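Asks: Residue numbers (the numbering used here): 85 to 421.
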Amino acid sequence: MKAWARRVCVAAVALRAVCIPASADADALPGAEADKTPRLALVISTSEYGDHRLSNVSNALNDGRLVAERLVASEFDTVLRENADYESILTEVDDLADRRIRLQKNRRVRPLVVVYFSGHGYRAGDNDFITGSDVNFDSPTESSVSVQWIMSRLASDSTAIIFVDACRSHLAKAIDNEDPLAKAFAPIEDRRERESEQILYPTRNWHARNGMYLFATEPGKAAWNSAKRSPHNSPFAQQIGVELNKPGVPLASQITGIIKGVGTATEEKQAPQPVGSVGTVYLLENEESQEEMQQKWNRARTSATLDDVNRYLDDYPAGPWRSAAIEWLDHNKGESR
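1) Where does His415 fall in DSSP's three states?
2) What is the C-beta distance between Thr175 and Ala125, in whole angstroms, given that I count them as a contact (C-beta under 8 Å)?
3) Hey, would you say Val219 sits closer than 9 Å to Asp135, going by beta carbons?
4) Go through the segment 151-206 residue by residue and report every complete run of the beta strand (DSSP E) that reaches 3 residues or more, in order.
5) Which stretch, first to last residue, makes up the beta strand (DSSP E) that contains Ala244?
6) Round the Cβ separation of Gly205 and Ala250 to the nearest angstrom and send it over; I've been treating them as touching at under 8 Å.
7) If you follow the beta strand (DSSP E) that Arg123 is in, where does it begin and where does it stop?
8) So, is Ile410 buried or exposed, given that buried needs 16 or more other C-beta atoms within 10 angstroms?
9) In terms of DSSP beta bridges, what is Tyr297 paired with?
10) Our contact map puts Asp128 next to Arg165 with C-beta atoms below 8 Å; I'd like the distance itself, whole angstroms only.
11) Please report the distance separating the alpha-carbon of Pro334 from that of Val197.
12) Measure the C-alpha to C-alpha separation of Ala208 and Ser131 and round it to an integer number of angstroms.
13) In terms of alpha-carbon separation, which member of Ala408, Arg252, Thr340 and Val365 lies closest to Asn382?
14) Which residue wins for smallest C-alpha separation from Asn241, given the options Asp182, Gly203 and Pro224?
15) Would Glu226 be called buried (16 or more neighbouring beta carbons within 10 Å of its own) or exposed?
16) Return yes when the Cβ of Val193 is within less than 9 Å of the Cβ of Phe247, no when it is not.
17) From the DSSP output, in three-state form, read off Thr350 for me.
18) So, is Gln379 buried or exposed, given that buried needs 16 or more other C-beta atoms within 10 angstroms?
19) Comparing alpha-carbon positions, which option in Trp233, Ser236 and Val346 lies nearest Glu327?
20) I'd like the list of long-range same chain contacts for Ser202, defined as Cβ closer than 6 Å, with 5 residues on each side in sequence excluded.
21) Rounded C-beta distance between Pro356 and Ala300? I'm assuming under 8 Å.
22) In chain order, what residues of the same chain have a beta carbon less than 8 Å from the beta carbon of Asn317, not counting five sequence neighbours either side?
23) Kindly give me the distance between the Cβ atoms of Trp308 and Gln354, rounded to whole angstroms, as I take these residues to be in contact under 8 Å.
24) Give me the Cα-Cα distance between Ile245 and Tyr297, rounded to the nearest whole angstrom.
25) His415: buried (16+ other C-beta within 10 angstroms of its C-beta) or exposed?
26) Spatial neighbours of Asp111 within its chain, please: CB distance less than 7 Å, with the 5 preceding and 5 following residues excluded, ordered by chain position.
27) Could you say which of Tyr366, Thr348 and Ser230 lies nearest to Pro122 if we only look at CA atoms?
28) Cα separation between Asn294 and Val359?
29) Would you list the one or two residues that DSSP bridges to Val326?
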């Protein structure tokens with residue numbers, strides 16, 4: 085199938101107006117108006133691979149469409165790319181990075197960026213890789229995209245969350261292996277070998293302050309393509325879809341739900357792994373989540389102290405009053421987050 089992309093557009097829905105009394109303090113925090121946090125998403129799903137040694141991933145397109153649909157419903161400006169090759173993945177990531185840079189510069193608001201990938205993946209050295217439809221396993225790392233590189237392109241001046249619905253099996257070490265893919269995409273069963281590789285090649289967490297990964301499985305393990313409860317979707321994608329239907333639930337709670345749901349669907353044979361932290365983020369907001377952010381902002385405005393303002397930025401790095409908080413910190417020579 086030819087690689088293609090589509091932009092899924094949604095009408096912008098205005099946030100409920102919030103009025104904040106002006107402070108009598110000369111150093112009171114500026115900016116009574118909430119900034120609408122830009123929400124960008126890229127969904128890549130690859131089911132068909134040109135390398136005859138590599139099986140197709142039957143549910144990958146279903147997974148991508150399910151997650152893209154949920155992200156659109158959560159007001160993300162979403163690009164869906166199916167059966168993309170190596171160069172197309174690089175192009176889409178660069179385009180997404182350029183979009184978030186323009187938004188950040190023009191609006192002084194930290195964008196919220198989500199990336200989801202479904203297809204074949206593997207682990208080599210200290211990096212996790214996703215594969216395009218044209219991956220060449222004679223030189224796999226030269227024709228695959230590092231997930232950590234994607235994070236390095238997105239996490240600066242934005243809040244980035246990457247969902248990786250792919251295997252994290254280790255590439256074969258022996259170059260004389262008759263079938264390199266037999267080991268490349270199979271879990272390493274020897275516990276000592278698996279543990280030694282994890283020590284030698286720990287997951288590199290680019291921009292941990294602003295970025296978070298949620299891998300469908302642990303290092304060295306395979307990710308399921310389907311389960312009894314979700315024959316047409318991976319259990320990871322299915323559970324993401326369930327959690328993205330819950331408004332006002334913080335990301336940390338959604339991740340807990342995803343981990344529990346995948347464990348139940350796979351009889352505890354697959355365990356998603358979160359890496360990094362992004363503070364309190366809502367992928368699907370409601371009035372309660374907005375009110376909670378407003379309350380913390382009101383406290384910061386009332387006290388006008390470095391600790392309270394920095395605490396707001398720690399808890400809500402993509403919050404609607406981020407630009408006002410940064411303006412106050414800059415004016416008072418505080419630490420800008």
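Where a beta carbon is used, it is the ideal one built from N, C-alpha and C, also for glycine.
In this text the structure is predicted, and so the values were computed from the model without any measurement.
Replies: The structure says:
1) Against the sequence shown, residue 415 aligns to sequence position 331. Helix, per DSSP.
2) In the sequence shown, counting from the first residue as 1, residue 175 sits at position 91. In the sequence shown, counting from the first residue as 1, residue 125 sits at position 41. At roughly 16 Å, the Cβ-Cβ gap does not stay under 8 Å, so Thr175 and Ala125 are not in contact.
3) As a working mapping, residue 219 is identified with position 135 in the sequence shown. As a working mapping, residue 135 is identified with position 51 in the sequence shown. Yes, they are a contact pair.
4) 161-166 and 196-202
5) For the purposes of this step, residue 244 is taken as residue 160 along the sequence shown, with counting starting at 1. Thr243 to Asp249 is the extent of the beta strand (DSSP E) around Ala244.
6) As a working mapping, residue 205 is identified with position 121 in the sequence shown. As a working mapping, residue 250 is identified with position 166 in the sequence shown. About 3 Å separates the two Cβ atoms, so the contact holds.
7) Sequence index remark: in the sequence shown, residue 123 carries index 39 (1-based). First-last of the beta strand (DSSP E) with Arg123: Arg123 to Ser129.
8) Position 326 of the sequence shown, counted from the start, is the residue given in the question as residue 410. Classification of Ile410: buried, given that the 10 Å Cβ count is 16 or more.
9) Start at 1 with the first residue of the sequence shown, and residue 297 comes out as number 213. Paired residue(s): Ile246 and Val359.
10) Along the sequence shown, one-based indexing puts residue 128 at 44. Along the sequence shown, one-based indexing puts residue 165 at 81. The sequence as given places Ile at residue 128; Asp does not occur at that position. About 5 Å; that satisfies the 8 Å criterion.
11) Locating residue 334 in the sequence shown gives position 250, where the first residue counts as 1. Locating residue 197 in the sequence shown gives position 113, where the first residue counts as 1. Going by the C-alpha atoms only, they are around 15 Å apart.
12) Within the sequence shown, residue 208 is the residue found at index 124, counting from 1. Within the sequence shown, residue 131 is the residue found at index 47, counting from 1. Looking at the two C-alpha atoms, the distance is approximately 22 Å.
13) As a position in the sequence shown, residue 382 is number 298, starting the count at 1. When each option's Cα is compared against that of Asn382, the closest is Ala408.
14) Here residue 241 refers to the residue found at position 157 when the sequence shown is read from its first residue. Contrary to the premise, residue 241 reads as Asp rather than Asn in this sequence. Checked all of Asp182, Gly203 and Pro224; the closest Cα to Asp241 is Asp182.
15) As a first step, residue 226 is located in the sequence shown; it is residue number 142 there, counting from the start. With fewer than 16 other Cβ atoms within 10 Å, it is exposed.
16) Walking along the sequence shown from the start, residue 247 turns up at place 163. Walking along the sequence shown from the start, residue 193 turns up at place 109. Going by C-beta atoms, Phe247 is not nearer than 9 Å to Val193.
17) Taking the first residue of the sequence shown as 1, we reach residue 350 at position 266. Coil at Thr350, not helix or strand.
18) Residue numbering aside, residue 379 sits at position 295 when the sequence shown is read from its first letter. By the neighbour-count rule (16 or more Cβ atoms within 10 Å), Gln379 is not buried but exposed.
19) Mapped onto the sequence shown, residue 327 falls at position 243. Minimum Cα distance to Glu327 is reached at Val346.
20) Residue 202 sits at position 118 when you count from the first residue of the sequence shown. Correct list, in chain order: Ser129, Ala144, Asp147, Gly148 and Asp249.
21) Residue numbering aside, residue 356 sits at position 272 when the sequence shown is read from its first letter. Residue numbering aside, residue 300 sits at position 216 when the sequence shown is read from its first letter. 6 Å between Cβ atoms; contact.
22) Taking the first residue of the sequence shown as position 1, residue 317 is located at position 233. Counting only Cβ-Cβ distances below 8 Å, and skipping sequence neighbours, we find Asn143, Asn146, Asp147, Leu150, Ser310 and Gly325.
23) By 1-based counting over the sequence shown, the position of residue 308 is 224. By 1-based counting over the sequence shown, the position of residue 354 is 270. That pair is a contact at about 6 Å.
24) Here residue 245 is taken as the residue at index 161 of the sequence shown, counted from 1. Here residue 297 is taken as the residue at index 213 of the sequence shown, counted from 1. Computed Cα separation, rounded: 6 Å.
25) By one-based count along the sequence shown, residue 415 stands at place 331. Looking at its Cβ environment, which holds fewer than 16 other Cβ atoms inside 10 Å, His415 is exposed.
26) Position 27 of the sequence shown holds residue 111. Summary for Asp111: the model assigns pLDDT 39, below 50, so the residue's position carries little reliability; its value from the coordinates is reported in the next sentence. Once the five neighbours on either side are set aside, the close Cβ partners of Asp111 are Ala388 and Asn416.
27) Within the sequence shown, numbered from 1, the residue matching residue 122 stands at position 38. The option with the nearest alpha carbon to Pro122 is Tyr366.
28) The residue labelled residue 294 in the question sits at position 210 within the sequence shown. The residue labelled residue 359 in the question sits at position 275 within the sequence shown. Taking the straight line from one Cα to the other gives about 12 Å.
29) Stepping through the sequence shown from its first residue, residue 326 is reached at position 242. Note: Val326 sits in no beta bridge, so no partner.
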